[in-house]
């Protein structure tokens, strides 16, 4: 009997014993079993129905559908941040359950010749391995893209350069400023000065109460770098705690850097007058 005809009969045998297959699968995947409802609720992923779909693609040799399904699953699991160990356990449970049913089918039908069995073994295991490979590649790729997008969003929110005229921008800094954030500030400020042709950058520090010594030093260098690109920096809202630290460290702004008490004073001076 040809392998194609054999796989059709195997798939029909599994479909006729659908409930038995599901029960055997849930027994194999003991850790995933209790998470099925949660995965359906949070990720809208029906593991049981998807298992039947995967088995169909594998047994019938529908490689294109298998690859598309693996990609779809990888992206879905990455999007909803579902645990990879559950997916691996589930697919391996599908593999074991499928082989148990092949054994049971052959005991009933006694139609699989030895040569056909080895061909079937190679075909099924290769398909499952291919599914896992494509799943993990797409999971990793999409996860990396999500992380990159989130990081870029955080960086843009943490360094919000706001144009108020064609040549004047405001950079309000709020919250804590550490070494990582000053690196982001440096990159964003210098890039935006070049791109927007900023001539005056109003850097408001009223939202920052505490800065480490190296952070203050880095901000001074950013101001110097801005001046080298033809942009004057106006500092507003320096708090007493920061000023005291700058005095003790011997830091002072160059003669071209202006300081004003509040952002409102800067806006009044550069926008109204």
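Numbering (UniProt numbering), first residue to last: 1 to 273.
Note that CB positions come from ideal geometry on N, CA and C, so glycine has one too.
Selection from the options that minimises the alpha carbon distance to residue i
i, options, result
"residue 245", "136, 54, 217 and 83", "217"
"residue 118", "232, 243 and 6", "6"
"residue 91", "29, 68 and 200", "29"
"residue 141", "129, 184, 185 and 79", "79"
"residue 108", "10, 27 and 270", "10"
"residue 264", "23, 94, 170 and 72", "170"
"residue 131", "24, 207, 72 and 251", "72"
"residue 278", "15, 206 and 67", "As displayed, the chain neither begins before 1 nor continues past 273, which places residue 278 out of reach and without an answer."
Spatial distance of residue i from residue j (CA atoms)
i, j, result
"residue 234", "residue 194", "18 Å"
"residue 134", "residue 125", "14 Å"
"residue 143", "residue 179", "26 Å"
"residue 20", "residue 46", "18 Å"
"residue 127", "residue 148", "31 Å"
Assigned secondary structure, residue i (DSSP; H/G/I helix, E/B strand, else coil)
i, result
"residue 261", "coil"
"residue 63", "helix"
"residue 191", "helix"
"residue 236", "strand"
"residue 1", "Residue placement at residue 1 cannot be trusted, given a pLDDT of 45 that sits under 50; the coordinates are not used to answer."
"residue 164", "coil"
"residue 247", "helix"
"residue 204", "strand"
"residue 82", "coil"
"residue 58", "helix"
"residue 198", "coil"
Assigned exposure category for residue i - 16 Cβ within 10 Å defines buried
i, result
"residue 191", "exposed"
"residue 182", "buried"
"residue 240", "exposed"
Contacting residues, own chain, Cβ-Cβ under 8 Å from residue i (five flanking each side not counted)
i, result
"residue 213", "245 and 249"
"residue 77", "43, 45, 84, 87, 135 and 139"
"residue 137", "74"
Cβ neighbours of residue i in the same chain (closer than 6 Å, five flanking residues each side left out)
i, result
"residue 172", "204"
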